[in-house]
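Below is one structure; the comments refer to it alone.
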Amino acid sequence: MADPASITLKRTNSSRYGKLRETSWQTWVAVVVLAITVIGSVAAPLIAPFDPTEQSKDRFAGASFEHLFGTDELGRDLFSRVLFGGQLTIFIAIGATAVAMAIGVVWGMLAAFARGWADEILMRLADTVMAIPQMLFALVFISAFGATPERLALIIGILLTPTTARLVRSTVLAEIQEDYFTAAVAYGASPRRLLFNEVLPNVRTPILVQTAINAANVILLEASMSFVGLGIQPPDATWGTLVQQGYQKMYQSFSYVLFPALLILITIWMLNLLADQLGANSKSKGRS
Amino acid sequence: MTRFIIRRVAISIVMLIATSLLVFIVLRLLPGDPIITRLGSTPGVDAETIERLREEAGLGAPIWQQYLSWFGGLLRGDFGQSYFNQFSVNELIALRLPATLEVTGLSVIAAILIAVPAAVISALRPLGRIDRFITATSTIGMALPQFLIGIVLIVVFAVNLKWLPARGFVPFDEDPGGNLIRMILPAFTLALASAPLIMRFLRASMIEVLSSPFIRTARGKGLNAWGVVIGHGLRNALIPSLTMLGLVVGYTLGGVVIIEYVFGIPGLGSLAIDAVFKRDYAVLQSVVLLISAMFIVTTLVVDLLYGVLDPRLRIGARRG
Amino acid sequence: MLNRKALAGGILAATLVLTAGCASSGPSEEASTGGSITVAAAQGIPQLNPAIRTFAWEEVLFPLLWNGLSKTNEQGEIVPDLAESWEATADQKTWTFKLRDGVTFSNGEALTAAKVAASFEYYLDGETATQEANKISMVSGVEAIDELTVQFTLDEPVATFPSAIVWVKVLDVDSLDTIDKDPIGTGPFTVESFTPDDSVTLVRNEDYFGDAPALDEIVLVTAAESTSAVTGLRSGDLDVLWSVPAGDVEQLEGEGSISIVRPESPSQWPSWEMDTTSAPFNDVHARQALAYAIDRETILEAAYYGQGAVSPTNNALSENNPWFGGDLTDYSYDLDMAKKLFAEAGVNEGDTLVWWGIAGAYPEWNTSGEILQASLKEIGINLDIQNNDIGTWVDEFYPAGKSYPGMIVPNFQSTPPEPAYSLNFYLPGRCECNWVDEDFLSAFSGALAEPDDDARKAQWATVQSVINEQVPLIVPLQSTVATGTSSELSGIWVEGGGQLHLESATR
């Protein structure tokens, strides 16, 4: 039973450039902002005015021309720390999303194609993992294995896998119901052809949407975990650990918590916006 | 119908058992144990005494044995004993459950009160000005991590305006007024986090329903607009929204952990966090299982209701 | 008519304002009885047995629910508590305590010497894993001579015995297995309700033998999140916040509605531990090198916000401690010396050491670690900061006897100013630094046995000289535990080690 909020996309004949012309201004805004964020973080070594670990006596300075975001408890420039923090945050976001998509897509497709018992077991397994409170799950794993950027990416990725699997499965199932698929099967198309030529192109968009949503959730989860103290180790920082440190020292310097928090908000917002727009585009095509 | 119910319940039970196993194993991955953490600040205790205390606590037995004895206890309703004090896990849960239920309940109600009207108004005129405003706001709302919403509310209402307390909990029977005032910020935080999700889902469902043929028929029959919307539109959009509600309760339960930490609420979430740090296995296993069970049961109930409300499902059609 | 009324009203109003102004300018002369206060700390209280004492914050209950034979007063002196008086034989090995008459437990039973003896036997029992074991390990026998007299026989002479037993509380041994549900004590308060790790509600004990406490009720709560705790203190939601985060102290001092209470002579000291039995810290040069590499001034400023005093000689005792002394090297920040000594110990450029801290708690450790990291980087040594949750942290180096090469573990000790119970941390089996030194041990037991103050001071000086030269631990400074209270409250004081005393609190 397809639920109304899911996206059903039918193959259309519009050309590639047609799609581009139809892209809304919101999508462009989201893409541009995200691009700036990513490029800014990747180029941190070039842009940052200070070494993010350079300590000074000028502690808890407010925002100024020299220190755009002020300084922290050890006199380090917060703008530089935020830029480098972006590197790690984005690394974790990409890593975790990759893990979630890689495992989730395979899982979901297996379930959708397998049907019957195998499908039931795979999905109930997903439900079981989803039932465990995410924060506690993450807490336990990080306590057990330590919080390096790689492990965080892996753990958060695993946390997001079940929801991805569910989505992929329901999308693929919907495609399998379609006439064109039945026709292809009747044709005698091989499983490979079925997968790559029939199903995959049509589920491309929902999967892209899920990718964006997953990336947003990664940033959210990483920030939450850092907030209770289990983020990455100093002197490295992510936006999440900067928010945690900043909140503890909120009475000493408000800009400390403000800027990383704003960046988290903007990034997640843009990712959600992108997900919305991608979904909306396909929706308008699919409906009669 | 009965087959359907039995099948779903049976599956849920299997899931609960699987969850308990998963939780149990995962916890044993943690380095350290309750004895070491308990004695961590007690110098002069030698390794022998620690071994002996471990044995006494039953931590020396092989893992499968420990699991079976815990699980057996669960079946009898005995959740075990804390390693840190003389309280049984049942007692600890009983002390903490009310706070979590209250926060979760209030926040779900608040979320519905925010989301439903917003969804209805949006759905009446899709892509109109109000709709776009509400959708935009909800997009931003969804972009804020729960703890950030909490922090912002604390900064605004507790630190600056000083209208509401930043933290704390008083039991309802002791001081109803004090209890409710302290619930406002945390419940609102959770509500603001989940309301956008409910709103979007409900709105999408309603738009789809409102544009469907049978609604047009109803309007054609002469029923006034509001009657149609509320009577038919909402009711039909509610069916898939039930699934959403199930997910939202689950999402809120997940967020409850961090919100209890931020606002100092003595609920199951903070009980669990404490237990992780102290390695109080007995408490942690049972609490995590309990929270998972709450989620599984909610999903079960939603599924059953879904089955009841939508006759199409009962015919054993393929589940979507 | 109107004017007269207005005038009268004005005079009345002015009088009220003036009196109100007088009342709120400070604690009134006549302290009122009654009232309830809410006291918060970042830690929780998981259990109530004082012998077991899981976390330091549980000590706040000690003076409220229990009594020992002796206690510490606000000036740091050892004074009678349940015992009226005591005396020792000349060899300092037999101690006799005379108990007060008429003291009752909260279950109505009378305090007798037999109960005291039973309580001590519980503490002495090997099965009871108690903090105090070390301080009373030399007690070979405790006997009730008559109804109100208890006698202790010691294996070794201990001149400071009354201060050793300050925290051995007299418990009702028969009800120990329900102590968390229904604790029986002799103290000024009793427990009305207890939610582990969340709150303890105490009410006044009307049958208390000593000075009746002024307050009706004390509610102890856990405020894990530090910023909301400080917000609660500022808004008046919380009356007392123990161990205010160092960074917030300055701002709170500026607020009229809040007072900061500090100990008279601070004796809480960060103790950064190393394993002296494994590389590279098994070489004294490496330890001395590390001592020179600590930028104590910056750490005090940036990590502890100036709340404390540096210890340039790496001494656990603060410089104004009456027992401070010895032939001490100054380890003030000197990276060249550090580099030289490290090289002698085989620690060269490119080598890595590990800072093994706790995640999410004790921000001052994290900042200290980052400062040390920057210092070591200047001489080419890497400091890898690893913060884990408390269970993982503790497992690596505890109990004493574990090997953890190349690691520096931040920790802290809260001790009384008395060297016998602060420097005793260095003893083998107690210190996770695994340090065994004959000179230290003989000087230490010599000091314990010495009844004459001057001679003892000389002994302690020797002890400190040995510690200073051998550097088994890094002690960068002494820190002051600041407690924030509403300025309406008085009578609250803090011991050197940070233990909070609420028994004389009044509004």
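Going line by line, the protein sequences match chains A, B and C.
When you line the first sequence up against numbering that gives the first Met the number 0, it's residues 0 to 287, in that order.
When you line the second sequence up against numbering that gives the first Met the number 0, it's residues 0 to 319, in that order.
When you line the third sequence up against numbering that gives the first Met the number 0, it's residues 0 to 506, in that order.
Each residue gets a CB set at the ideal place from its N, CA and C atoms; glycine is no exception.
Here the structure is a predicted model, which means the values were calculated and not measured.
- Between the segment 260-269 of chain C and the segment 401-411 of chain C, the count of Cβ pairs shorter than 8 Å is three or higher; the stretches touch.
- Against chain B, the beta carbon of A/W268 has neighbours under 9 Å at T138, I139, M141, A142 and L143, listed in chain order.
- Of the residues B/I264, B/E55 and B/L105, the one whose Cα lies closest to the Cα of B/L191 is B/L105.
- Of all residues in the segment 107-133 of chain A, none comes within less than 8 Å of chain C when Cβ atoms are compared.
- The segment 232-248 of chain C makes no contact with the segment 138-152 of chain C; the number of CB pairs closer than 8 Å stays below 3.
- Against chain B, the CB of A/L153 has no partner CB under 9 Å away; the residue lies outside that interface.
- Among the residues facing chain C, B/D32 is included, as its CB has a counterpart in that chain under 9 Å away.
- When CB distances to chain A are screened at a threshold of 8 Å, the residues of the segment 372-402 of chain C falling below it are Q372, A373, I384, Q385, N386, N387, D388, G390 and T391, in chain order.
- Taking C-beta separations shorter than 6 Å and ignoring five residues to either side along the sequence, the partners of C/G497 in its chain run Q267, S413 and V480, following chain order.
- Counting only runs of at least 3 residues, the segment 54-122 of chain B fully encloses no beta strand (DSSP E) element at all.
- Contacts with chain A at 9 Å (Cβ-Cβ) do not include B/G79.
- Interface flag for B/F83 against chain C is set, since a Cβ pair is found closer than 9 Å.
- Under the three-state reduction of DSSP output, A/S189 falls in the coil class, being neither helix nor strand.
- Counting only runs that start and end inside the segment 205-290 of chain C, the alpha helix (DSSP H) elements of at least 4 residues fall at 225-234 and 245-252.
- The beta carbon of A/Q243 sits closer than 6 Å to those of S225 and F226, all from its chain and outside the five residues before and after it, given in chain order.
- Just measuring C-alpha positions, the residue of B/V301, B/L304 and B/L289 sitting nearest B/T99 is B/L289.
- Interface with chain C (9 Å Cβ-Cβ cutoff): A/T237 is excluded.
- Straight across, the Cα-Cα distance linking C/L352 with B/P33 is about 28 Å.
- Not flagged as an interface residue toward chain B: C/K339, since no C-beta distance is shorter than 9 Å.
- Using a Cβ-Cβ cut-off of 7 Å, C/D197 is close to P265 of chain B, given in chain order.
- Closest option to B/R166, judged by alpha-carbon separation, among C/G235, C/L201 and C/L488: C/G235.
- Between C/Q463 and C/A308, the beta carbon gap of about 16 Å keeps them out of contact (Cβ cut-off 8 Å).
- In this structure the segment 207-223 of chain A lies against the segment 83-97 of chain A, because at least three pairs of beta carbons, one per stretch, are closer than 8 Å.
- Shown in chain order are the members of the segment 239-251 of chain C whose Cβ falls below 8 Å from a Cβ of chain A: P244, G246, D247 and Q250.
- In the structure shown, C/L98 adopts extended strand secondary structure according to DSSP, grouped into three states.
- For A/L121, the enclosing alpha helix (DSSP H) begins and ends at G115 to A130.
- When DSSP states are grouped into helix, strand and coil, A/W268 belongs to the helix group.
- Counting only residues of its own chain and dropping the five nearest sequence neighbours on each side, A/V171 has a CB closer than 7 Å to the CB of G107, M108, A111, V198 and V202.
- By the Cβ-count criterion, A/G94 is buried, with 16 or more other Cβ atoms from all chains shown falling within 10 Å of its own Cβ.
- Taking 9 Å as the cut-off, the Cβ atoms of C/L201 and C/V229 do not count as close.
- For B/G253, the C-beta contacts it makes with chain A under 7 Å involve P132, Q133 and M134, in order along the chain.
- Residue-level contact by beta carbon holds for B/L38 and chain C, with a gap shorter than 9 Å.
- Residue-level contact by beta carbon fails for B/M198 and chain A, as no gap is shorter than 9 Å.
- The C-alpha of B/G249 is placed about 12 Å away from the C-alpha of B/V301.
- Here the alpha carbon of A/P259 sits roughly 6 Å from the alpha carbon of A/L241.
- Under the criterion of beta carbons closer than 8 Å, A/Q232 and A/T163 do not qualify as touching, at roughly 29 Å.
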